[in-house]
(Lines of atoms letter the chains of each structure in order from A; the text may use other names.)
(Lines give C-alpha, C1' and ligand atoms only; values in the text may rest on other atoms or scores of the structure.)
Protein backbone atom coordinates (compact mmCIF):
# COMPACT_ATOMS: atom_id res chain seq x y z
CA UNK A 129 0.00 0.00 0.00
CA UNK A 130 1.29 3.45 -0.88
CA UNK A 131 0.49 6.73 0.84
CA UNK A 132 0.72 9.79 -1.39
CA UNK A 133 2.94 11.68 1.07
CA UNK A 134 4.65 11.10 4.41
CA UNK A 135 3.16 12.27 7.67
CA UNK A 136 0.97 11.72 10.70
CA UNK A 137 -2.27 11.76 8.67
CA UNK A 138 -1.37 8.17 7.66
CA UNK A 139 -1.24 6.89 11.25
CA UNK A 140 -4.67 5.27 11.52
CA UNK A 141 -4.41 3.46 8.17
CA UNK A 142 -0.81 2.40 8.81
CA UNK A 143 -1.70 0.89 12.19
CA UNK A 144 -4.78 -0.83 10.75
CA UNK A 145 -2.79 -2.43 7.92
CA UNK A 146 0.00 -3.49 10.29
CA UNK A 147 -2.43 -5.25 12.62
CA UNK A 148 -4.24 -6.92 9.71
CA UNK A 149 -0.90 -8.22 8.38
CA UNK A 150 0.14 -9.49 11.82
CA UNK A 151 -3.12 -11.40 12.14
CA UNK A 152 -2.89 -12.75 8.58
CA UNK A 153 0.65 -14.07 9.12
CA UNK A 154 0.21 -15.13 12.75
CA UNK A 155 2.86 -12.68 13.94
CA UNK A 156 2.66 -11.94 17.66
CA UNK A 157 5.29 -9.20 18.08
CA UNK A 158 4.74 -5.56 17.07
CA UNK A 159 7.41 -2.90 17.54
CA UNK A 160 6.29 0.72 17.11
CA UNK A 161 8.25 3.97 17.24
CA UNK A 162 6.58 6.57 19.42
CA UNK A 163 8.42 9.43 21.14
CA UNK A 164 5.38 10.75 23.00
CA UNK A 165 3.52 7.43 23.29
CA UNK A 166 0.53 8.64 21.26
CA UNK A 167 1.05 6.25 18.32
CA UNK A 168 1.48 3.31 20.70
CA UNK A 169 -1.80 4.19 22.42
CA UNK A 170 -3.55 4.48 19.05
CA UNK A 171 -2.36 0.97 18.20
CA UNK A 172 -4.41 -0.32 21.15
CA UNK A 173 -7.62 0.96 19.55
CA UNK A 174 -7.45 -2.01 17.12
CA UNK A 175 -5.77 -4.71 19.21
CA UNK A 176 -4.73 -5.66 22.72
CA UNK A 177 -1.64 -6.73 24.58
CA UNK A 178 -3.30 -10.09 25.23
CA UNK A 179 -3.16 -10.67 21.46
CA UNK A 180 0.25 -9.09 20.73
CA UNK A 181 3.56 -8.39 22.42
CA UNK A 182 3.75 -4.63 21.79
CA UNK A 183 6.98 -2.71 22.25
CA UNK A 184 7.04 1.09 22.06
CA UNK A 185 10.50 2.40 21.17
CA UNK A 186 11.17 6.02 22.10
CA UNK A 187 13.97 8.43 21.29
CA UNK A 188 16.89 7.95 23.65
CA UNK A 189 17.07 10.14 26.73
CA UNK A 190 18.93 13.31 25.73
CA UNK A 191 17.77 13.23 22.09
CA UNK A 192 16.06 16.64 22.25
CA UNK A 193 17.70 18.05 25.41
CA UNK A 194 20.49 16.63 27.59
CA UNK A 195 19.15 14.50 30.42
CA UNK A 196 15.53 14.75 29.31
CA UNK A 197 13.18 12.14 27.88
CA UNK A 198 10.53 13.24 25.40
CA UNK A 199 7.92 10.83 26.79
CA UNK A 200 6.23 12.02 29.95
CA UNK A 201 6.48 9.79 32.99
CA UNK A 202 2.68 9.63 33.17
CA UNK A 203 2.48 8.38 29.55
CA UNK A 204 5.19 5.79 30.22
CA UNK A 205 3.25 4.53 33.24
CA UNK A 206 0.00 4.48 31.25
CA UNK A 207 1.59 2.38 28.48
CA UNK A 208 3.17 -0.01 30.98
CA UNK A 209 -0.13 -0.36 32.86
CA UNK A 210 -1.83 -1.32 29.59
CA UNK A 211 0.79 -4.00 28.91
CA UNK A 212 2.94 -2.16 26.37
CA UNK A 213 6.68 -2.51 26.93
CA UNK A 214 8.58 0.77 26.58
CA UNK A 215 12.17 0.76 25.31
CA UNK A 216 14.35 3.86 25.65
CA UNK A 217 17.92 3.22 24.53
CA UNK A 218 20.69 4.39 22.20
CA UNK A 219 19.72 4.36 18.54
CA UNK A 220 21.51 1.57 16.73
CA UNK A 221 22.21 3.75 13.64
CA UNK A 222 23.45 6.81 15.53
CA UNK A 223 25.09 6.47 18.93
CA UNK A 224 28.85 6.94 18.98
CA UNK A 225 29.09 7.59 15.22
CA UNK A 226 26.93 10.69 15.66
CA UNK A 227 29.11 11.87 18.55
CA UNK A 228 32.25 11.54 16.40
CA UNK A 229 30.60 13.41 13.51
CA UNK A 230 29.41 16.18 15.82
CA UNK A 231 32.82 16.53 17.48
CA UNK A 232 35.17 16.04 14.51
CA UNK A 233 33.09 16.23 11.33
CA UNK A 234 32.85 13.64 8.60
CA UNK A 235 30.41 10.82 8.05
CA UNK A 236 30.68 7.38 9.60
CA UNK A 237 29.37 3.89 8.73
CA UNK A 238 26.21 3.77 10.88
CA UNK A 239 25.08 7.16 9.60
CA UNK A 240 25.76 6.11 5.99
CA UNK A 241 23.63 3.02 6.60
CA UNK A 242 20.84 5.17 8.07
CA UNK A 243 20.97 7.56 5.14
CA UNK A 244 20.83 4.64 2.70
CA UNK A 245 17.71 3.24 4.40
CA UNK A 246 16.12 6.70 4.09
CA UNK A 247 15.94 6.08 0.33
CA UNK A 248 12.79 4.16 1.30
CA UNK A 249 11.71 7.00 3.63
CA UNK A 250 12.29 7.93 7.26
CA UNK A 251 9.54 5.57 8.44
CA UNK A 252 11.16 2.49 6.86
CA UNK A 253 14.56 3.47 8.28
CA UNK A 254 13.01 3.84 11.72
CA UNK A 255 11.15 0.51 11.44
CA UNK A 256 14.37 -1.35 10.61
CA UNK A 257 16.28 0.40 13.39
CA UNK A 258 13.73 -0.11 16.17
CA UNK A 259 13.32 -3.80 15.34
CA UNK A 260 17.04 -4.34 15.89
CA UNK A 261 16.96 -2.27 19.10
CA UNK A 262 14.06 -4.36 20.43
CA UNK A 263 15.86 -7.60 19.56
CA UNK A 264 19.11 -6.46 21.18
CA UNK A 265 17.12 -5.56 24.31
CA UNK A 266 15.60 -9.06 24.49
CA UNK A 267 12.02 -7.82 24.06
CA UNK A 268 11.27 -9.87 20.93
CA UNK A 269 12.34 -13.39 19.97
CA UNK A 270 15.36 -14.02 17.78
CA UNK A 271 14.85 -15.56 14.34
CA UNK A 272 11.14 -14.77 13.95
CA UNK A 273 9.43 -12.19 11.76
CA UNK A 274 7.80 -9.25 13.50
CA UNK A 275 5.83 -6.19 12.47
CA UNK A 276 7.75 -2.90 12.79
CA UNK A 277 6.05 0.49 12.46
CA UNK A 278 7.85 3.80 11.93
CA UNK A 279 7.09 7.33 10.91
CA UNK A 280 8.40 10.61 9.61
CA UNK A 281 8.77 12.90 12.66
CA UNK A 282 5.22 12.56 14.11
CA UNK A 283 2.79 9.66 13.76
CA UNK A 284 3.19 6.46 11.74
CA UNK A 285 3.40 6.16 7.97
CA UNK A 286 5.39 2.98 7.30
CA UNK A 287 5.11 -0.65 8.37
CA UNK A 288 7.13 -3.72 7.46
CA UNK A 289 7.39 -7.43 8.13
CA UNK A 290 10.99 -7.91 9.22
CA UNK A 291 13.18 -10.61 10.69
CA UNK A 292 15.72 -8.48 12.54
CA UNK A 293 19.24 -9.57 13.35
CA UNK A 294 21.25 -8.33 16.31
CA UNK A 295 23.15 -5.08 15.68
CA UNK A 296 26.45 -6.97 15.52
CA UNK A 297 24.98 -9.01 12.62
CA UNK A 298 23.04 -6.09 11.08
CA UNK A 299 23.36 -7.34 7.49
CA UNK A 300 21.60 -10.60 8.35
CA UNK A 301 18.40 -8.56 8.86
CA UNK A 302 15.67 -9.48 6.37
CA UNK A 303 12.86 -7.12 5.38
CA UNK A 304 10.28 -9.67 4.24
CA UNK A 305 7.54 -7.28 3.18
CA UNK A 306 6.78 -3.58 2.99
CA UNK A 307 3.19 -3.31 4.22
CA UNK A 308 2.91 0.41 3.53
CA UNK A 309 5.06 3.48 2.96
CA UNK A 310 4.73 6.98 1.49
CA UNK A 311 5.60 7.74 -2.14
CA UNK A 312 6.74 11.27 -1.29
CA UNK A 313 9.23 10.87 1.51
CA UNK A 314 9.17 14.34 3.13
CA UNK A 315 6.21 15.32 5.32
CA UNK A 316 4.48 18.48 4.13
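Residue numbers (the numbering used here): 129 to 316.
Glycine included, every Cβ here is placed at the ideal spot set by N, Cα and C.
The structure displayed is predicted, hence computed values, not measured ones.
| query | result |
| --- | --- |
| Segment limits, beta strand (DSSP E) that includes residue 215 | 213-215 |
| According to DSSP, residues forming a beta bridge with residue 157 | 181 |
| C-beta atoms of residue 279 and residue 161 nearer than 8 Å | yes |
| Local Cβ density within 10 Å of residue 225, reported as buried at 16 or more and exposed below that | buried |
| DSSP bridge partner residues for residue 269 (one or two, in chain order) | Bridge partners of residue 269: none, in fact. |
| Secondary structure of residue 314, DSSP reduced to three states | coil |
| Extent of the continuous alpha helix (DSSP H) run through residue 204 | 201-209 |
| Those runs of the alpha helix (DSSP H) which lie wholly inside the stretch 223-303 and span at least 4 residues | 223-232, 237-245 and 250-264 |
| Contact set for residue 199: own chain, Cβ-Cβ below 7 Å, skip 5 residues either direction | 163, 164, 165 and 186 |
| Pair within 8 Å by beta-carbon distance, residue 220 and residue 204 | no |
| Continuous beta strand (DSSP E) stretch holding residue 132: start and end | 130-133 |
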